[in-house]
Structure formats: structure tokens, C-alpha cells
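Chemist:
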Amino acid sequence: ADARAGGAARAAAEAAQVRIFRPYDDPARGVPAFLDSLARASGGRVRLDTLGTTAEGRPVLAAKVGPAGDDPRRANVVFLATYHAREWAATEMALRLLRHLAAPPAGDARLDSLLQRRDVWVVPVVNPDGYQYSHTTDRLWRKNRRQFGVLAGRPVVGVDLNRNHSVRWGVDDVGSSPDPRTEVYRGPSAASEPEVQAIERFHARHPPVVAVSYHTYAGLLLYPEGWRYGLLPGDLSVYRALAGTDERPAVRDRLPGAPFGYQRPEPSWQLYPTNGEYTDFASVAHGTLAFTPEISSGMEGATFYGFEFPEDEARLRTLFEDNLPFALDAIEAAGDPLRWRSPTTGYGVPRVALESATPTVRARAVGAPAAPTVDGAPRRAADDAVGGRHQRRTVSDTLAARLAELTVRAGRDSLRAHVVLAGGAEPADTGWTPRGFTLDGGANSGRAAWRSIGSGALRSPAVRVPDDVDTVTVALWSRHFGDAFGPSRVGTVWLSRDGGQTFPERVMTLAGDAPVYYPESREVAGVRGAALALELRAQGLLWEVDDVAVAAHLPRVAPPPGTVVAFSPSENPVRGDRVRFTWPFLGAAGDVLVYDLTGRLVWRGAADGASDEVAWSLDERVANGAFLVLARAGGQSRRQTLYVLRAGR
Ligand code: 0X9
Ligand code: ZN
């Protein structure tokens, strides 16, 4: 009798406990059932779509929010969750986001009108078979549930869906494994899995401008490149505007014990390299700005929840509220990423950004390729192979000597900078004071680099910023071994504006792993006339630093009227629904005309002469093919052949 009473009490207690996480198959509480009821209650605002079917016959479902259908004039934004079965908090985030978008809090007219201008898709469970299995049988299951027979008496099951995408699939055995028994098995061939095929098909039909793929649990906000150490995306400025930096991060993390208090933004390889991964796929195949938030880095006592996020409404609400602003920013930025300024991070996208001043000039620009000039002399430079849809990078040949002045010209954009400080542990670099940093032979350029094996501080000499300069770029090359999961091992860069007496402002943070040298840079504004100095502080990490520079941005000189710059499109072939042309005739009004090959006028847009660009929004009537584009002003004209190659047409 006692046992029965105990059992009843336990049952009552269990019934009283609110269940939050949803399995897949439960006909009442499962994810598909939830989506169904949400769609039915939404008054036509949410529609469901089946993107594909898994090996065990479950649908991969997408919920579309906003106007019916997919209008090419509206930018697509997609939110994905739970490539990895056990990452339930990711699905919970996606479902809460969907609920928020389906019924914005009363009076949120801004979100309402924003959703009218976007096609937003939410795929809360990319991996339904694995997800269901993690609910019924093995809480920590990761892969899908495809069967690969029996090996040494054990069934071999599952492909890591985040290693199965068709871009850079299987390029090495570090970022994925050919062994089906491992957790990171990449599958027998690229996009071999039905779930991955479903996602890739969806991307071909509705190429997203921005995508967010929720995972758990490292407390990071990752973006490409992810497949090889040291690579930075061409669109880094746009990624940074959205995701922020350690100094101005986009996503807070207020869960108890969260080590940084925010999701650290960084290129994905700094966690570890992967191949066949989703964001590398989306960014390369569709020019998508694709992010992997590794959400939920909370702790219970001294340990992470890890994949087992507590079923606790208050904590899940915190998780959602922390991640919501970035999700809304992603939706908003998709309209015109280059001109968008983030209300969350405060960053916009500079037309030209300097990535390194020495030993190479590296710059990202909207109008590429950029042409660098060093100390008045043009430099040989190459368009970097790591492209972006919005910006490209140009890298100069290695400079033989330290420079004083550089310019980067890209179309009508330019950046002219005075290199006011440069140093890299070479004999000529006087005035630097290393404490706990030693000279080391593993240089990025020249003979030596500065190296700290635990803690130390490296101070630069002080330099005066000219009075007509507002902004500087602080740039350096770093190789370091830190900690992806906490602030125990970090390197930071601090700025003094009083000649090195105080260093109140942190301008850069390095953590995670960078086993190869790569360039880091930040713009700092409001430094007119200041006596600047840098202090690099190593706390617990193995850090090698070389080629440190401060470049003072000289005032922009407008090209004289009558200057003609190259007439070029923002992309060619055009894969999206909008293309921008640089307006070649400075100061002169005119128009841009688009003809098809039969000579029919397809579009005409006016140029007022004041703005740099003319944008053409292609509607659904524009067929794929070749077009002749003409820019005219007064008696002058420029022509350009343009190809339109949009998916699903
Ligand atoms: O390994 C993954 O697929 C992701 N981490 S997780 O713990 N959720 O499994 C991270 C993928 C991000 N990309 C790279 N690290 N390159
Ligand atoms: Zn994951």
C-alpha cells in the first residue's frame, strides 16, 4: 500500500511539473502537432511546408511567416535548428521565435511591417529521426538514424548532418570522419542524406540572404569560414555588423554561470574546423550570410548543462530573450545588408575596411577589386579567393619595407591612411616595452614575433593622431591557443588616449584557438588629436603577435567632378533579386537602361548624380539570361553585359 501511495504521489508530482520540451511523434505535444495548431490559429500568417522526408518517414517541416508565397522582391531569411538530435534547446529557441513572429506582442507595429517585407522560414527540427530517438532512447544521440549495417556485432547508425553538405564535403579527415562509427561521420557521399537534400533543395528555391542555424552549447556566435584555419569571409564587415565583437556583442547570455556573459562572435574554425557544414554551404552556394549560434552556455554549479538544458521555464525564457534581438536583426538586415546599421551592436558596414597594413595591405571593399597604393606607388594585388556576396577582399604583395601611407581605391570608394604606428619585434621596432613577452622566431613576417606563454603585457610607444583624423584601424596578426569555452585564457588589446598613462578602453579580445597566423582589426573612432598607445595583455594563453599597426584614416577626398569610375554591377551573374550598379559619372545625372538580347527595354532607372549607385530590383518577370546594361549621362555612356541566373527559374 505504501509503495502504491508513493507511486501515486510521484505520478501527481510529475503531472504537476510542466513539460516544455516536445518530442516529435507525440500526436498531441509533438513538434508537428504544435506547428499545426500554431498555423491553424494564425489566421493565415503561418503556413507549413514539408521540405523532405527522413529515412524513417518523418517530414522535415518548415513554417513560413509573412505574406503567402515567395515573392522574389522580398528577401528570404531562414532559421534552422537541431541538426544535432540532442540539442533540444535549439529547437525550443526556434519554436519560441516562431511563436513570437506569428503573434508579435501587441503594438509591435515595427515587426509587423517588417514581416510584410520578408519571407521568413523556420525549420525547428532539421533532424527529426535523431531528435525523436533522443527523446525515447538515447538522450545524447547526435546524428540522424540512417542504418549502415552491422560492424563487429554492433549496428552502425547515423550521419552527422552538419558534415554532409555538398560544399567542401570531406576535404579532410580532421573536419569530419569517413568512419561511420564516429560522431562526425560525413556520410557516404556529399548530400547523401534526405534531411540535407531537403535543406539544399529549399535553399535552391528560396536562397536566403541571412540564415541562422541554432546549435548548443558553447556560448559562441560563429560565422564562416569554418573549414580551414585562418580564413576570414569576404563579407566579414557584414558578419561583424550583425554578430558584433567581444567589445560590442550582439547576443547576451544571462544564464547563470555563462562564462562570458555573451555569445562570443568568431569565425567557426576558431572552435574547430569542420567540413560539409551548413554555414560554409549556404555562404558559398548561395551567398547567404550564415550564422551558427552555439546557444545556452549556462552552468549548474561547476559544470555546463551541456546538451541537457534544464526543463525550466525561467531559464528558457532568458535564453529566448537573449537570442531574440539578433534574430530580429537578421530579419531586418536581409533587406539591404550593406547599408544596414545594427541597433544591437552599433556597427555598420564600412565601404572600405582595412584588415592589415603590414606585411600585406589587405582590404575589404564593396566595389572590388580594390587597388592599393603604398607611399604613392601602386602595388600589385590580387582578389582574395575567399569571396563574399557583398564585399570582396584584396591582398597586396608582401611589402619589403614598413610603409608610411597607403590608399585603397575601389570604384569610387577609397580609404587613405597614415600608418602612425607599426611594430613586429624587429630590431628597428624601438619604444615597445615587453613584460612577459619575449622575442620568438615563429614570425608572421621578418625575423621575430612577440610571444607570451601565460601572462604578460606588451606596450607600444605613444603616437599622436593628426587633428584631421577621427578614426584609426588597429590591426595585428595573431596566433594563439586559448579556450573556446571560457575566459580563462584570453588576449586583449587596450587603447590609451593619454600617451600611455591609462588604458581604459578594450578594443580587441582573442580567445579560442588560432593555430595559424591570421589578421585581426578594429576601427576606433573619436581619436582626433589623441596621444594613442596600445597595450596587449596575455592572460593564460599562448600568444604570438606580429605586425601590429595603427592606421589613421585621412579625411576622404571626394574625386573631382567629371571623374569617371568603372561601371560595374554588385554581382554578375545576378543570383538574387537585386543588383546595384556603380554610377560612373560623378556629379552628373543620367539613367541606367537594361535591354534584353532582342533589344527590348526591360528596365530603366534614374541616377541623380549624387548617389554612388543605382539599384535594380528584379521582379518575377525577369527571365534568366544575358542583358545589356547602359549608363548614360550627357553625351557619355558606359556599357556592361549582365547575366541573370536566379534559382528556380
Ligand atoms: O560541430 C558542430 O557541428 C557544431 N558544434 S556542436 O557542438 N553543436 O556539434 C559547430 C559547427 C560550427 N562550425 C565549425 N566549428 N567549423
Ligand atoms: Zn550541434
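The sequence shown maps to residues 1 to 649 in this note's numbering.
Cβ atoms here follow ideal geometry from the backbone N, Cα and C, with glycine treated the same way.
(1) Nearest to Val361 by alpha carbon, out of Glu311, Ile331, Pro67, Val419?
(2) Does the ligand 0X9 have a heavy atom nearer than 7 Å to the CB of Pro273?
(3) Decide if Thr433 is buried, meaning its Cβ has at least 16 other Cβ atoms within 10 Å, or exposed.
(4) Using 10 angstroms around the beta-carbon of Asp253, count the other beta-carbons present and answer buried if the total reaches 16, otherwise exposed.
(5) If you reduce the DSSP assignment to three classes, tell me which class Tyr239 lands in.
(6) Flag this pair as yes or no: are the beta carbons of Asp605 and Val614 separated by less than 8 Å?
(7) What is the DSSP secondary structure of Asn671, reduced to helix, strand or coil?
(8) In whole angstroms, what separates the C-alpha of Asp546 from that of Asp498?
(9) Just to check, is the beta-carbon of Glu87 closer than 7 Å to a non-hydrogen atom of the ligand ZN?
(10) Classify Ala3 as helix, strand or coil using the three-state DSSP reduction.
(11) Measuring CB to CB, does Val150 end up less than 8 Å from Arg186?
(12) Nearest to His553 by CA position, among Val465, Pro584, Ala538, is which residue?
(13) Please state the DSSP three-state secondary structure of Asp375.
(14) What's the gap between the Cα of Arg522 and the Cα of Met299?
(15) For the alpha helix (DSSP H) that contains Gly130, what are its first and last residues?
(16) By how many angstroms is the C-alpha of Glu505 removed from the C-alpha of Phe202?
(17) Under 8 Å by Cβ, that's how I've got Gly367 and Gly411 pegged, so tell me the actual separation to the nearest angstrom.
(18) When you compare each of Pro369, Tyr24, Ala94 to Glu571 by their alpha carbons, which one comes out closest?
(19) Along the chain, where does the alpha helix (DSSP H) that runs through His203 open and close?
(20) Going by beta carbon distance, what residues of the same chain come within less than 8 Å of Asp26, once the five residues before and after it are set aside?
(21) Tell me the DSSP secondary structure of Trp121 in three-state form.
(22) Please determine if the stretch 486-502 and the stretch 443-462 are in contact, where contact requires at least 3 C-beta pairs separated by less than 8 Å.
(23) Are at least three pairs of beta-carbons, each pair with one atom in the stretch 205-218 and one in the stretch 276-296, less than 8 Å apart?
(24) Shorter than 7 Å, the distance from the beta carbon of His215 to the closest heavy atom of the ligand ZN, or not?
(25) Cα separation between Tyr595 and Leu628?
(26) Can you give the Cα-Cα distance for Val550 and Leu510, rounded to whole angstroms?
(27) When DSSP labels each residue in this structure, what does Tyr278 get in the three-state scheme?
Modeler: Put simply:
(1) Val419
(2) yes
(3) exposed
(4) buried
(5) helix
(6) The question names Asp, but residue 605 in the sequence shown is Gly. Cβ atoms of Gly605 and Val614: closer than 8 Å.
(7) Coverage of the chain is limited to positions 1 through 649, which leaves residue 671 absent and any answer about it impossible.
(8) 24 Å
(9) yes
(10) Below a pLDDT of 50, predicted positions are generally treated as unreliable, and Ala3, at 46, falls in that range; the measurement from the model is reported next regardless. Here Ala3 sits in helix by DSSP.
(11) no
(12) Val465
(13) coil
(14) 31 Å
(15) 128-136
(16) 45 Å
(17) 3 Å
(18) Pro369
(19) 194-205
(20) Ala33
(21) strand
(22) yes
(23) yes
(24) yes
(25) 5 Å
(26) 18 Å
(27) helix
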